[in-house]
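K.L.:
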Amino acid sequence: MKTSLKRLLACAAMPALLAGSAFAQDYGNFDGYTLRVKLIGGAQYEPLYATISEWEAATGATVQILSRKNHFELDREIKQDIAAGTLNWCVGSNHTSFAPQYGNIYADLNDLIAPETLAGFTPLLLEHSTVDGRLVQLPRHSDVSNLFYIKSLYEDAENQAAFAAEYGYDLAPPETWDQVRDQALFFANPPDFFGTQFVGKDEAITGRFYERLVSNGGAMFDEDWNPTFNSPEGVAALQWFVDLYNAGAVPVGVPNYLWDDTGLGFASGTVALNLDWGGWSAFFNDAENSSVAGNVGVVRAPKGDAGLRTGWSGSHSFSITTTCDNPEAAASFITFLTDHDRQMIEARMGILPTRTAVWDDALAEFAAAGDDFMVEVFSTFRTSMAEDAFTPPLIAEWIEVSNALWPRLQAAMVGDMTAQQALDAAARDAREIMEDAGHL
Amino acid sequence: MTPFLLLLPAILTMLFVVALPLIFSFYTSMTSYRLTRPETIEDFIWFRNYIRLFENPDFWRAFLRTIVFLAIALNAELLLGLGIALLINKITWGQRTLRTIMMFPMMFSPILVGFQFKFIFNDNIGILNNALQSLGLTTQAIPWLVDAKLAMFSIIFAEVWMSTSVFAILLLAGLFAMPRDPIEAAKVDGCNSWQVFRHITLPFLMPFVFIAMTIRSLDVARAYDIVAIMTGGGPAGRTELLWTMIARVGYDNARMGQANAMAYLSTILSIAFTYYFYTKLVAARRYMGGAE
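Chains as they are written, first to last, in numbering that gives the first Met the number 0: chain A, 0 to 439; chain B, 0 to 291.
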């Protein structure tokens with residue numbers, strides 16, 4: 000009886016051992032444990048989740064996915080869980096922009112993830128993932144925006160001659176935001192063709208304004224948390240959007256645009272220059288989806304008045320709740336989801352990795368496959384992530400301040416207010432928010 | 000005592016399902032309750048949330064815009080629904096198939112309807128502007144979701160597309176239930192079709208109209224998803240309705256106390272609409288000789 004029981008146990012353990020041997024790292028043994036998780040859902044996130052069964056086979060644990068929603072819905076659900084005291088799950092998808100809102104519900108990963116594992120991540124991204132000195136999230140992938148453009152427009156001799164005659168310098172992918180304005184005005188032929196475009200609502204336009212403000216040398220707040228975005232730098236940043244909108248150099252619907260509108264708009268071939276996230280690269284160069292495939296170039300985001308490049312950045316991440324009943328299993332799970340091989344799966348789709356080695360290996364893979372476009376994309380975005388990327392202020396009130404700001408940015412764009420009036424009104428609202436939160 | 004005992008299950012159900020949540024949310028509307036800081040539910044601030052709202056012109060603009068939205072959308076749905084119901088009532092062949100097809104828009108989730116119309120009305124790559132430009136009807140990109148009037152029109156159009164069939168179904172049920180004798184008697188007496196409709200069919204349908212109006216006025220907040228996706232209340236608050244504002248304040252900003260104060264004031268709007276339609280319903284039934 001004893002022998003047959005041993006045989007049975009050995010047989011049961013075989014799949015786990017075999018699967019375990021496939022990984023360079025030991026993910027531990029959590030036999031019989033059920034890990035409850037809430038993950039961001041969406042087509043581009045799913046390929047990673049297809050590998051969860053490998054972690055289950057390696058550790059003996061089972062993963063129960065309680066939610067698989069987009070980030071905004073997941074954010075609401077997590078807030079409801081906090082309010083109702085139902086944080087009875089362990090791992091949640093998170094984001095650097097959202098994380099500061101959640102207070103102390105997430106554990107400090109410095110205590111749960113091995114230092115040698117953390118050493119594999121880009122240091123700047125771990126810094127962005129830290130709130131009040133606590134590493135509350137492990138970055139899964141990151142993003143920053145760079146400038147995509149239609150190459151043939153710049154190679155056209157007639158365009159080159161006409162542009163040089165009108166603006167007094169050679170037509171080349173822009174290095175500054177002033178040049179973007181010139182070129183956008185030059186290429187625009189509404190309603191058939193537009194010089195550029197931008198997202199126009201929600202946190203999206205707040206972020207775009209914020210990075211322009213920073214590139215002009217301004218800041219959202221001073222060191223005492225007084226709102227300062229209604230400074231001359233802020234007004235200049237907003238006026239850039241207003242001028243292009245009034246000149247018809249961008250589609251008239253941009254105040255209502257979000258990422259899908261700008262992405263699909265550029266892929267439709269009706270926009271010359273498009274500041275967008277790295278995650279769109281593969282889509283833009285996919286002949287099945289994009290009419291500009293094979294004709295797309297990318298350069299680092301241009302510089303503002305202060306000589307700084309725009310680089311509003313954020314990372315999708317995983318966090319572990321402080322109420323988790325098995326933080327070791329949770330730590331093993333998020334380490335697995337962000338390990339080298341898992342990040343390679345997402346990097347092959349054009350999603351920007353957070354591990355230093357994955358940048359090298361993905362670039363080598365693209366080069367070996369002769370994919371010059373993806374080599375150009377990854378080289379550009381790697382530099383951008385290392386040198387230009389910055390997050391919004393990591394405070395709980397960021398989303399609330401953003402909600403006070405973006406309707407005013409729109410008001411300036413559609414002519415209901417001047418840029419100064421709009422920013423002054425938003426600064427008054429932001430001050431009230433900061434006062435309520437006890438910052439002022 | 001026995002009647003009370005018999006009513007007890009209903010009373011308890013009402014108490015737990017309706018009264019307690021209402022009392023709780025009214026209490027929270029007088030606190031600085033934030034979803035992300037549960038302890039703030041004990042921070043009682045009396046009427047500060049309400050005072051802020053009374054001083055907030057954006058809130059009152061959204062309040063008035065919601066009334067306009069409700070009035071236009073519900074009346075447009077009623078007129079179109081009545082027209083469709085009358086037409087389908089005339090059909091003698093394929094009526095069931097048509098009734099099923101008519102209900103298709105109701106089956107879509109409001110989120111899908113929002114995305115559908117967001118891309119139809121997109122100024123650059125939207126099918127509507129491309130069609131208008133291809134047909135030579137305009138050379139401009141019409142800003143359907145940006146211009147104040149056009150944006151309201153667009154979200155009302157999407158809402159009417161989704162919900163007209165609710166009216167049509169309810170009014171069709173009324174038409175099916177209608178006795179034929181008065182109509183035939185009126186025709187024998189020499190009434191033309193308009194007179195029959197105006198003096199017999201319509202009065203008979205009025206209770207159904209007001210029931211449909213009452214149901215829809217309470218249910219119309221489903222349009223939140225449509226508005227949230229198509230415009231998000233923008234641009235510059237031009238399509239901001241109470242529902243988008245309350246959701247943003249309550250969930251995105253996590254200020255549930257303030258959002259509940261807004262919701263309580265908007266409840267007054269719902270009660271006013273429901274009371275109005277209910278009194279009209281009673282009057283219509285009295286006119287038809289029915290029980291009150």
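Virtual Cβ for every residue (Gly too), placed ideally from N, Cα, C.
Taking C-alpha atoms, which residue in B:TRP242, B:PHE272, B:GLY233, B:ALA283 lies nearest to A:GLN409?
P.N.:
Ranking the options by Cα distance to A:GLN409, first place goes to B:GLY233.
K.L.:
For A:SER128, count neighbouring C-beta atoms within 10 Å of its own C-beta (all shown protein chains included) and say buried if the count is 16 or more, exposed if not.
P.N.:
buried
K.L.:
Along the alpha helix (DSSP H) that carries A:GLN182, what are the first and last residues, could you check?
P.N.:
176-186
K.L.:
Name, in chain order, the residues that DSSP records as bridge partners for A:TRP54.
P.N.:
For A:TRP54, which the question treats as bridged, DSSP gives no partner whatsoever.
K.L.:
To test your reading of the DSSP string, which unbroken alpha helix (DSSP H) runs of 4 or more residues are found completely within the region 343-380 of chain A?
P.N.:
355-367
K.L.:
On a CA-only basis, which of A:LEU263, A:ASP370, A:ALA328 is nearest A:ASP30? Give me that one, please.
P.N.:
A:ALA328
K.L.:
For A:THR355, which residues in the same chain have their Cβ closer than 6 Å to its Cβ, ignoring the five residues on either side in sequence?
P.N.:
THR121
K.L.:
Which residues in the same chain have their Cβ closer than 8 Å to the Cβ of A:TRP239, if we skip the five residues on either side of it in sequence?
P.N.:
TRP176, ARG180, ARG211
K.L.:
Measure the CB-CB distance between A:ILE39 and A:ASN69 and report whether it falls below 8 Å.
P.N.:
yes
K.L.:
If we cut at 8 Å on Cβ distances, does A:GLN420 have a partner in chain B?
P.N.:
no
K.L.:
Please compile the residues from chain B whose C-beta is within a distance smaller than 7 Å of the C-beta of A:ASN255.
P.N.:
Against chain B, a Cβ distance below 7 Å from A:ASN255 picks out LEU144, VAL145, THR230, GLY233, PRO234.
K.L.:
How do the region 300-316 of chain A and the region 130-144 of chain A stand: do at least 3 beta-carbon pairs fall below 8 Å, yes or no?
P.N.:
yes
K.L.:
Candidates B:THR243, B:VAL226, B:VAL145, B:VAL208: which alpha carbon is nearest A:GLY414's?
P.N.:
B:VAL145
K.L.:
Taking all protein chains shown into account, decide if B:ILE154 is buried (16 or more other Cβ within 10 angstroms of its Cβ) or exposed.
P.N.:
buried
K.L.:
If the criterion is Cβ atoms closer than 8 Å, does the pair A:GLY216 and A:GLU202 meet it?
P.N.:
no
K.L.:
So is B:LEU170 in contact with chain A if we call contact Cβ pairs under 8 Å?
P.N.:
Not closer than 8 Å to any Cβ of chain A, the Cβ of B:LEU170 fails to qualify, so no.
K.L.:
Can you check DSSP and say which residues form a bridge with A:ASN145?
P.N.:
Answer is A:ASP275, bridged to A:ASN145.
K.L.:
Whole angstroms is fine: what's the gap from B:PHE23's alpha carbon to B:GLY231's?
P.N.:
29 Å
K.L.:
So for A:SER20, helix, strand or coil by DSSP?
P.N.:
Note on A:SER20: pLDDT 44, under 50, position unreliable in the model; the coordinate value appears next. In this structure, A:SER20 counts as coil in the three-state DSSP scheme.
K.L.:
In whole angstroms, what separates the C-alpha of A:ASN255 from that of B:LYS117?
P.N.:
9 Å
K.L.:
Check whether the Cβ of B:PHE116 sits closer than 7 Å to any heavy atom of the ligand HEM, and report yes or no.
P.N.:
Looking for the ligand HEM in the displayed structure turns up nothing, as the structure carries no ligands at all.
K.L.:
Measuring CA to CA, which of B:ILE267, B:ALA147, B:ASN121 is closest to A:LEU263?
P.N.:
Of the candidates B:ILE267, B:ALA147, B:ASN121, the residue whose Cα lies closest to the Cα of A:LEU263 is B:ASN121.
K.L.:
Rounded to the nearest angstrom, how far is the Cβ of B:VAL112 from that of B:ALA75, given a contact under 8 Å?
P.N.:
The pair is not a contact, with the Cβ atoms about 16 Å apart (cut-off 8 Å).
K.L.:
Is the region 251-262 of chain B in contact with the region 49-57 of chain B, if contact means three or more CB pairs nearer than 8 Å?
P.N.:
yes
K.L.:
Which residues in chain A sit within 9 Å of B:THR12, going by Cβ to Cβ distance?
P.N.:
Chain A residues near B:THR12: none, gap ~22 Å exceeds 9 Å.
K.L.:
Below 7 Å on C-beta distance, what does B:ALA140 contact in chain A?
P.N.:
Neighbours of B:ALA140 in chain A, taken as residues whose beta carbon is under 7 Å from its own, are PRO189, PRO190, PRO250, VAL251 in chain order.
K.L.:
Rounded to the nearest angstrom, what separates A:ILE319 and A:PRO46 at their Cα positions?
P.N.:
21 Å
K.L.:
Could you compute how far the alpha carbon of A:GLU431 sits from the alpha carbon of A:ASP221?
P.N.:
15 Å
K.L.:
Are the region 182-197 of chain A and the region 280-294 of chain A touching, with three or more C-beta to C-beta distances below 8 Å?
P.N.:
no
K.L.:
Are A:GLY278 and A:GLN24 touching if we call contact CB-CB under 8 Å?
P.N.:
no
K.L.:
Taking the Cβ atom as the reference point for each residue, do B:ALA61 and B:LEU241 lie within a distance shorter than 8 Å?
P.N.:
yes
K.L.:
Which word fits A:PHE265, buried or exposed, when buried means at least 16 other C-beta atoms lie within 10 angstroms of its C-beta?
P.N.:
buried
K.L.:
What is the residue span of the alpha helix (DSSP H) that A:PHE162 lies within?
P.N.:
156-166
K.L.:
Which stretch, first to last residue, makes up the alpha helix (DSSP H) that contains A:GLN87?
P.N.:
According to the sequence shown, residue 87 of chain A is Asn rather than Gln. Run containing A:ASN87: none; DSSP gives neither H nor E here.
K.L.:
With distance defined between alpha-carbon atoms, name the residue in A:THR321, A:LEU336, A:PRO326, A:ALA300 nearest to A:SER386.
P.N.:
Looking at the sequence shown, residue 386 of chain A is not Ser but Glu. That would be A:ALA300, whose Cα lies nearest to the Cα of A:GLU386.
K.L.:
Kindly list, in the order they appear in chain B, the residues whose Cβ is closer than 8 Å to that of A:THR269.
P.N.:
ASN123, ILE124, listed in chain order.
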